[in-house]
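Contents: one structure, followed by commentary.
Residue numbers (this note's numbering): 2 to 196.
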């Protein structure tokens with residue numbers, strides 16, 4: 002381990018300066034990792050793709066800060082299953098209840114906005130989330146795309162996210178959320194050759 006001594010100017014809080022220095026070191030390390038991956042790849046990745054990846058990463062970090070992200074073993078434990086059955090239990094929740102995960106830190110993590118409390122420190126997938134997933138099925142989106150859409154501000158919900166709507170009305174899909182879904186789905190356009 003390397004120790005770095007950094008003088009802290011008068012009037013600057015030591016803890017704030019320490020957090021800023023750690024953040025800068027993490028950014029440098031991350032940039033180095035990204036540069037290595039790009040250098041080792043034969044595929045061309047343009048700046049637009051890199052910007053999109055950075056925005057998507059920021060979205061997941063925002064979701065984690067606001068809602069938390071649970072690993073499969075924690076989902077199993079909090080939904081009343083045994084930790085040993087975490088993989089099969091969460092797979093069952095994905096299939097039956099529309100639970101969606103995103104690949105993070107080497108595994109699937111499940112954003113907390115999909116869950117509701119059911120008493121005694123237990124959770125369940127919110128019925129509104131399950132219904133929302135069914136409504137979005139025609140779009141053919143990946144779990145990551147559904148989660149990104151659900152966590153983003155939505156003009157049809159007056160700037161609130163679908164996740165907030167599910168959290169506030171967990172028992173059913175509200176009319177406003179149903180309208181936001183219909184606006185998000187590809188419209189059925191007539192085939193130009195049949196006209």
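Glycine included, each C-beta is placed from N, C-alpha and C at the ideal position.
Straight-line gap, residue i to residue j (C-alpha atoms, nearest Å)
i: residue 68; j: residue 51; result: 26 Å
i: residue 96; j: residue 36; result: 37 Å
i: residue 152; j: residue 26; result: 29 Å
i: residue 138; j: residue 116; result: 19 Å
i: residue 79; j: residue 186; result: 33 Å
i: residue 9; j: residue 45; result: 42 Å
i: residue 149; j: residue 55; result: 13 Å
i: residue 64; j: residue 70; result: 8 Å
Three-state class that DSSP yields for residue i in the structure shown
i: residue 107; result: coil
i: residue 102; result: coil
i: residue 9; result: coil
i: residue 126; result: strand
i: residue 69; result: coil
Nearest candidate by alpha-carbon position, reference residue i, set the options
i: residue 134; options: 83, 3, 182, 168; result: 182
i: residue 129; options: 186, 5, 168, 45; result: 168
i: residue 145; options: 60, 166, 103, 42; result: 103
Proximity below 7 Å, CB of residue i to CB of residue j
i: residue 174; j: residue 132; result: yes
i: residue 123; j: residue 72; result: no
i: residue 101; j: residue 90; result: no
i: residue 164; j: residue 114; result: yes
i: residue 184; j: residue 157; result: yes
Neighbour-count burial assignment, residue i, 16 or more Cβ in a 10 Å radius
i: residue 112; result: buried
i: residue 21; result: exposed
i: residue 160; result: exposed
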